[in-house]
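S.K.: Numbered per our numbering, the sequence shown finishes at 350, counting up by one with no gaps.
Think of the CB as a built atom: it goes at the ideal place given N, C-alpha and C, for glycine as much as any other residue.
Remember, predicted model here, so these are calculated numbers, not experimental data.
Got a structure here, written out as structure tokens. Questions coming.
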Amino acid sequence: EILNKIMVYSNIEGNRNTASNGEWEPITLIELKEFIGLLLLGGLMGKSKKSIKSVWNRSPLESPIFRATMSRNRFETIISSIRFDNKTTREERELTDKFAAFREIWTDFRENLKKCYNPGLHVTIDEQLLGFRGKCPFRQYIPSKPDKYGTKFWFCVDVNSYYIFDAFPYIRRQPNEQRQRFVGANVVLELMKPMYGSNRNVTIVNFFTSISLAKELHSKELTLVGTLRKNKPEIPIEFQSNKNCDVGSSIFGFSDNLTLVSYVPKKNKAVLLLSSMHHDNKVDTGTGKPNIVLDYNKTKGAVDTIEEMCHKYSVKRGTRRWPLCVFYGMIDAAAINAMIL
10 EILNKIMVYS
20 NIEGNRNTAS
30 NGEWEPITLI
40 ELKEFIGLLL
50 LGGLMGKSKK
60 SIKSVWNRSP
70 LESPIFRATM
80 SRNRFETIIS
90 SIRFDNKTTR
100 EERELTDKFA
110 AFREIWTDFR
120 ENLKKCYNPG
130 LHVTIDEQLL
140 GFRGKCPFRQ
150 YIPSKPDKYG
160 TKFWFCVDVN
170 SYYIFDAFPY
180 IRRQPNEQRQ
190 RFVGANVVLE
200 LMKPMYGSNR
210 NVTIVNFFTS
220 ISLAKELHSK
230 ELTLVGTLRK
240 NKPEIPIEFQ
250 SNKNCDVGSS
260 IFGFSDNLTL
270 VSYVPKKNKA
280 VLLLSSMHHD
290 NKVDTGTGKP
300 NIVLDYNKTK
310 GAVDTIEEMC
320 HKYSVKRGTR
330 RWPLCVFYGM
340 IDAAAINAMI
350 L
């Protein structure tokens, strides 16, 4: 269904652009599948950053598969014409949705992600940046990421298999929308919604973690493990780092169904973690680390692993159109999930 919609919207755009200077040759479903196949092959062979002209070169150093599948001109035509919504109605939809140019396709993609897989007991939620430096109303700057500029997505990933169970873009706020509060908590609740009542655990970083979120998830029969910012008003002063704390020491606190731990990995530094999955003060005898810290370290990195995999074999080609950049990111995510399935 997704490919059919892309085919229809792309042909509408192609007809619109050629109305005055020639007849449009419609893109077929087979051609669209071939196009995606060539994108995937290009990513696998490390050709995504090479120019289309060089990839289609008849040099013996280049694979003949690209030329045998479709002509270079046709490939370039599809890239320039591919669309993910009806552009003639986009302006009206953008009045209420900055993501309108890709919203319908991404909504269908999210549904497909959740239909095809039942995640294990542990998932993790974190951000992923799709590198993009062109004009985009919700472009982000994250200096810690390899690409630094791009569109940010929230990902929910199965810890054991790395299956991407759900994802949606961070738009900041929509036109005429009030400033959002509790963004981190709302992201977690939205992504965990299909898993309510399942007793699963979610591992999160301190941007998301709060005591109120832990209680909300507990009411929905879910648990969390996450790092906690030290400026939270609920944290006792004893849990903050100070020069009297021994390296490797831990302090535990308990309240209702929550456990707070302050672990000192090195002098004058304390790491705070909150868990509704743990209810004791157990410490690993080998490492001296609390079990909460060990479990967090085991389950925290799935989204980072996905980001590395996408970067290594990405289908993304240079573009100034953010919807096309999102499409490339969608293909990367779908390829990883297909491999897992």
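In this structure, does DSSP put residue 203 in helix, strand or coil?
M.R.: DSSP places residue 203 in helix when its eight states are reduced to three.
S.K.: Grab the span of the beta strand (DSSP E) containing residue 136 for me, first residue to last.
M.R.: Unbroken beta strand (DSSP E) run through residue 136: 131 to 140.
S.K.: Out of 294, 293, 299, state which residue places its alpha-carbon closest to the alpha-carbon of residue 279.
M.R.: Here the closest residue by C-alpha is 299.
S.K.: Alpha carbons only, please: which of 249, 207, 285, 15 is nearest the one belonging to residue 213?
M.R.: Comparing Cα-Cα distances from residue 213 to each of 249, 207, 285, 15, the minimum goes to 285.
S.K.: Relative to the C-alpha of residue 19, which candidate in 86, 51, 74 has its C-alpha closest?
M.R.: Out of 86, 51, 74, 86 has the C-alpha closest to the C-alpha of residue 19.
S.K.: Could you tell me if the beta carbon of residue 130 falls within a distance shorter than 8 Å of some heavy atom in the ligand PLP?
M.R.: What this structure holds is no ligand at all, so the ligand PLP is not there to describe.
S.K.: Between the stretch 206 to 223 and the stretch 184 to 196, do at least 3 Cβ pairs fall closer than 8 Å?
M.R.: Segments in contact, yes.
S.K.: Identify, in the order they occur along the chain, each residue of the same chain with its Cβ nearer than 6 Å to the Cβ of residue 162, setting aside the five sequence neighbours on each side.
M.R.: Around residue 162: 137, 176, 178.
S.K.: Using the Cβ count rule (16 or more neighbours within 10 Å means buried), how would you classify residue 311?
M.R.: Burial call: buried.
S.K.: Give me the Cβ distance between residue 256 and residue 282, rounded to the nearest whole Å; I'm assuming they're in contact under 8 Å.
M.R.: Contact doesn't hold; Cβ gap of about 17 Å is too wide.
S.K.: Just the Cα atoms here: how many angstroms apart are residue 188 and residue 181?
M.R.: Approximately 8 Å, taken between the alpha carbons.
S.K.: Going by DSSP, which residues form a beta bridge with residue 148?
M.R.: BP columns for residue 148 point to 160.
S.K.: For residue 245 and residue 17, I'd like the C-alpha separation in whole angstroms.
M.R.: If you take the alpha carbons of residue 245 and residue 17, they lie about 59 Å apart.
S.K.: Three-state secondary structure (DSSP) at residue 175?
M.R.: Strand.
S.K.: What span of residues does the alpha helix (DSSP H) with residue 8 cover, start to end?
M.R.: Residue 8 lies beyond the residue range present for the chain, which begins at 10 and ends at 350; the question has no answer from this structure.
S.K.: Which same chain residues, not among the five before or five after residue 170, have their C-beta less than 6 Å away from its C-beta?
M.R.: Excluding sequence neighbours, residue 170 sits near 349.
S.K.: How would you label residue 238, buried or exposed, when you count the other beta carbons within 10 angstroms and need 16 or more for buried?
M.R.: With fewer than 16 Cβ atoms within 10 Å of its Cβ, residue 238 is classed as exposed.
S.K.: Can you tell which of 275, 146, 134 has its C-alpha closest to the C-alpha of residue 309?
M.R.: Here the closest residue by C-alpha is 134.
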